[in-house]
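Line by line, the protein sequences are chains W and P.
Number 15 in my numbering belongs to position 22 of the first sequence; there are no gaps in the numbering.
Number 356 in my numbering belongs to position 370 of the second sequence; there are no gaps in the numbering.
Here a beta-carbon is modelled for each residue, glycine too, at the ideal position from N, C-alpha and C.
Source: prediction; values computed, not measured.
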Amino acid sequence: MVIAVSMAVSLLVSMITVATGMRKRLADELKVYGANAIVSASEYIDEAVAEFLKKKKGVKEVIPELYGRLCLSGKGQLPRNHFILNVIGMPSEALKELKITGTIPSTREVLIGRRLKEAGGFSQGAELNLSEDCDSSFMERFIISGVFERVGPEDSGIIMELHRLQEILGLRGKVSVFLLRISPEDFEDTIEELKSSLPELEIRPIRQVALSEERLLKKIETLMLMVSIVVVLASVITVAGMMASTIFERLVDIALMKTMGGTSRQIQTFFILEVIIVGVIGSFFGLITGIIAAQAITFSAFHKTVAVPVIVIPFAFFTGIIISVLSGLPALKRVTAYRPSIILRGEV
Amino acid sequence: MLNNNKVSQRNLSPFFKLYQIILSITSSISNLLEYVKIKYMFFRVLINFLLNEKKAISVIFFSTLAGTAIIATMLSLSLEIESKIQKELRAFGANIVVEPKVSGIISLAGQPRYLNELDIPKIKTIFWRHNIVGIAPFLEAPLEVNVKGQGIKLTALGTWFEKELPLPDGSFRAGIFSVASWWYVDGRIPKKRECLIGSSLARRLGLKLEDKLLIGNEEFTITGVLSTGSREDDMVVMDIEELQRIKNLPQRISSIWISALTTPMDAFAYKDPSTMTPQEYEKWYCTGYVTSIAKQIEEVVRDSSARPVWRVAEAEGNILQRVRLAIYLLSVVTLIASSLGVASTLMTSFLKRTREIGLMKAMGGGRLKISLLLLSGIAVVTTVSSIGGFFLSFFLSDFIGLRVFGSSLENRALLLPLSILSGFLMNMAGAMIPLRNVLSVRPAIVLKGAE
């Protein structure tokens, strides 16, 4: 009986823990979707704002980007021997996250967009002469370290290291935007808070990312909830079956109690007390095994442990007792209704 | 003929199927029982177990039923979760972008290149046309606008808002919201001589609803403020026809966004098509990978280059894989828990039979024979109940499917052997310890009644 109850409780506990932990774990996982909010201004923003942004609750990642234009010079295929390129400056941590073929650019290197590569026939290792504007005679030579693809107009431009671009453009310490990764759990609150604390900047959710994250999380959450309901229902059936069979096995005890003058009510109270004790002990073991199972599952699926919500503990005992009483009661009712003489004669 | 059969089978209610199966099983079993009971000792013992141990059997039956039903449900769920969730998310945004093909750096500079709007309906004629769930073209062009007497240079974007695309077989609802449902318009959709204004631009220029923009010598009314969180927030957006007219670029478009339902990318899909053998290429071409659909689109849209939007597709795949793993592991936990339940039941059931077993031993029954006898009883129960569990999983997966995805899950016949297998796994594992205990009884002691 104890095993039956602890089985049900442990299933319940592990389901609840996994399901509640799922949202947090997935929210971390969704990082690959990219930034879900953008901070911009009509002019450039001071790079130091990043420190302020990072301290805000819910902000997981802050990536500065600087947008500008550079003049690409070269003889031959270029019209009028030069060509204006859009360029994005990114800090080296962000460069590592890009999907590129080739290597991460150092300060003397750049990444080129797929469309630019296809159009210009540039290859990895080739040189580009870049300057701040086409009339200036001062040019810097960069080597193409790889090709990136973001699918969009950026693909016709180049990407280089942020500080390098700031130097070339004479915009030391300035960036165009901050891309924010805000954890989906407190997305709305964080956006509102940022808006009120930085009124001079424009803070916008990147709706494509923010909304699809929310949808995906909601779906998976409902899914886990449904799965838990089904599992709990099924395990209650099993426990009820086991309870009933154990109580039937004690028919003789019950009959004896009855012949000795015990009323049905007294016997039922006695058994219910016993069932409650079974429920408590079962819940205790179920709680422990359930937590272990939940940790094992979350760890192997997400490589992280899961915080056990405190509410699970009283909940486990509560359901453990309820399950055992509810599943024991019908059998008990039937059993106490038998006449002792029949039982003791061995006719049931 | 074959098709008809399939349809009628699918129409049968699962209840009826279950009833039929139980009926045929019970009648054939009872006939068989009578025959073998007389003939073989083995079956006599087996049948007596099945008839006399009703309580243990019903417990095993129900726990196996519940256990296998859960496992079959979880399995069908994990098999379909990817395509189901992908479908939901796909309705959400474009995963293929078509742009003009570029060759020579001159194609990026100077005169921009365009695609032809007349090629768009052809996208709904490719092999995977039914998988195309959203299409919207864009025309992006610089525009000089007069706002409150001030000339400003802006970028204008033209697109379809609501467009009924005529096709040979009916029509298709295309438009921006079929590929970018995250576009949020505060106001209403613009018609002729009307436009939307991006939220950043509106803020910067201090523009609001019903304000007028002077483009050339035409007056445009702002009917809404557009928020996307992306480049469009800095643009003026209008119907593509209007922009084509203003810029004198009839039927010209600069890109097309397409939302397609795709087969998740596997190792094969990442292979470079140019290095494939003809057979491999055919397989790749005829599988609905995002890359092969893009390739087919490229073939029908003149001078185009169609690219999958990788980031989104890959992120989803990764996440769904993890969710699937979690569901698998939860099924394993269920399996273990159920077999523990079975173990505890069998413990009591076997203990009651120690005398019987002692007798068998005394009469020279080997461990193997006795185990076989005991386990075969459980095997019969397991088979029946796991078949029941398989059918029960129909209801469970419908329950989950309808609530989570709004459509029921496909029940696969493949799951029947899997549920029987898991039932056996669960019960045989559960029987091991009780069996070991009961086999170690010493006949003399048991029969004397001391144990």
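(request) Could you tell me which of P:11, P:52, P:2 sits nearest to residue 372 (chain P), measuring between CA atoms? (result) Among P:11, P:52, P:2, the Cα nearest to that of residue 372 (chain P) is on P:52.
(request) For the region 164 to 187 of chain P, enumerate the residues whose C-beta is nearer than 9 Å to any C-beta of chain W, in chain order. (result) 166, 167, 168, 169, 170, 185, 186
(message) Looking at residue 80 (chain W): is its Cβ nearer than 7 Å to the Cβ of residue 63 (chain W)?
(response) yes
(request) Select from P:115, P:86, P:287, P:369 the residue whose C-alpha is nearest the C-alpha of residue 489 (chain P). (result) The requested residue 489 (chain P) does not occur in the structure, where chain P is confined to residues -13 to 437.
(request) For residue 26 (chain W), write down the residues that DSSP places opposite it in a beta bridge. (result) Paired residue(s): none; residue 26 (chain W) is not in a bridge.
(message) Which same chain residues end up closer than 6 Å to residue -5 (chain P) when comparing Cβ atoms and leaving out the 5 residues on each side of it in sequence?
(response) Below a pLDDT of 50, predicted positions are generally treated as unreliable, and residue -5 (chain P), at 49, falls in that range; the measurement from the model is reported next regardless. Same-chain partners within the cutoff: there are none.
(request) Please confirm if residue 56 (chain P) has its CB atom under 7 Å from at least one CB of chain W. (result) Yes, because at least one Cβ of chain W sits closer than 7 Å to the Cβ of residue 56 (chain P).
(message) Can you pull out the residues from the region 104 to 124 of chain P whose beta carbon lies closer than 9 Å to at least one beta carbon of chain W?
(response) none
(request) List the residues of chain P that residue 234 (chain W) touches, going by C-beta distances under 7 Å, in chain order. (result) When 7 Å is used as the limit between beta carbons, residue 234 (chain W) is near these residues of chain P: 44, 45, 48, 49, in chain order.
(message) My assumption, with CB atoms under 8 Å, is that residue 235 (chain W) sits in contact with residue 326 (chain P). Please give the rounded CB distance.
(response) Their Cβ separation, rounded to whole angstroms, is 11 Å, which puts residue 235 (chain W) and residue 326 (chain P) out of contact at 8 Å.
(message) If distances are taken between C-alpha atoms only, which option among W:204, W:154, W:104, W:131 comes closest to residue 178 (chain W)?
(response) W:204
(request) Quick one: residues in its chain with C-beta nearer than 8 Å to the C-beta of residue 184 (chain W), no 5 flanking neighbours on either side, listed in chain order? (result) Sequence-distant partners of residue 184 (chain W) (beyond 5 residues in either direction) whose C-beta falls short of 8 Å from its own C-beta, in its chain, are 30, 175, 196, 198.
(request) For chain P, find out if any of its Cβ atoms is closer than 7 Å to the Cβ of residue 212 (chain W); answer yes or no. (result) By this cut-off, residue 212 (chain W) is an interface position.
(request) Please compile the residues from chain P whose C-beta is within a distance smaller than 8 Å of the C-beta of residue 219 (chain W). (result) The contacting residues are 385, 386, 389, 390.
(request) Measure the CB-CB distance between residue 417 (chain P) and residue 332 (chain P) and report whether it falls below 7 Å. (result) yes
(message) Give me, in chain order, the residues of the same chain whose beta-carbon lies closer than 7 Å to that of residue 17 (chain P); leave out the 5 immediate sequence neighbours on both sides.
(response) none
(message) Taking the beta carbon of residue 430 (chain P) as the centre, do at least 16 other beta carbons fall within 10 Å, making it buried, or is it exposed?
(response) exposed
(request) Identify which residue in P:5, P:270, P:407, P:223 has its Cα closest to the Cα of residue 127 (chain P). (result) P:223
(message) Taking 8 Å as the limit between beta carbons, can you name the residues of its chain near residue 192 (chain P), skipping five residues before and five after?
(response) Result list for residue 192 (chain P): empty, nothing under 8 Å.
(request) Assign residue 400 (chain P) to one of three DSSP states: helix, strand, or coil. (result) It is coil, neither helix nor strand.
(message) 7 Å is my cut-off, CB to CB: does residue 201 (chain W) come that close to chain P?
(response) yes
(message) Can you confirm whether the region 174 to 191 of chain P touches the region 215 to 233 of chain P when touching is taken to mean that 3 or more C-beta pairs between the two stretches lie within less than 8 Å?
(response) yes
(request) Put residue 117 (chain W) into one of helix, strand or coil per three-state DSSP. (result) coil
(message) Taking the straight line between their C-alpha atoms, what separation do you get for residue 337 (chain P) and residue 320 (chain W)?
(response) 24 Å
(message) I want to verify the contact list: residues of chain W whose CB lies under 8 Å from the CB of residue 326 (chain P), in sequence order.
(response) Under the 8 Å cutoff, chain W gives -4, 0.
(message) Which residue marks the beginning of the alpha helix (DSSP H) containing residue 52 (chain W), and which one marks its end?
(response) It is not in any alpha helix (DSSP H) - residue 52 (chain W) instead sits in the beta strand (DSSP E) that spans 52 to 66.
(request) Helix, strand or coil for residue 296 (chain W), going by three-state DSSP, please let me know. (result) Three-state result, residue 296 (chain W): coil.
(message) In whole angstroms, give me the CA-to-CA distance for residue 326 (chain W) and residue 341 (chain P).
(response) 32 Å
(request) Report the residue from P:118, P:360, P:369, P:400 whose alpha carbon sits nearest the alpha carbon of residue 425 (chain P). (result) P:360
(request) Report all residues from its chain with a CB closer than 6 Å to the CB of residue 229 (chain P); omit the five preceding and five following residues, and keep chain order. (result) 125, 142, 144
(request) Taking only beta-carbon positions, decide if residue 10 (chain W) is within less than 7 Å of chain P. (result) Using a Cβ-Cβ cut-off of 7 Å, residue 10 (chain W) does not count as an interface residue toward chain P, since no Cβ of chain P sits closer than that to its own.
(request) Check whether the Cβ atoms of residue 221 (chain W) and residue 20 (chain W) sit closer than 7 Å, and answer yes or no. (result) no
(request) Answer yes or no: does any C-beta atom of chain P fall closer than 7 Å to that of residue 104 (chain W)? (result) no
(request) Put residue 123 (chain P) into one of helix, strand or coil per three-state DSSP. (result) Residue 123 (chain P) falls in the strand class under three-state DSSP.
(request) With a cut-off of 8 Å on the beta carbons, I'd call residue 137 (chain W) and residue 105 (chain W) a contact; round off their distance for me. (result) 5 Å
(request) Would you mind working out which of W:45, W:299, W:304, W:225 sits nearest residue -3 (chain W), comparing C-alpha positions? (result) W:225
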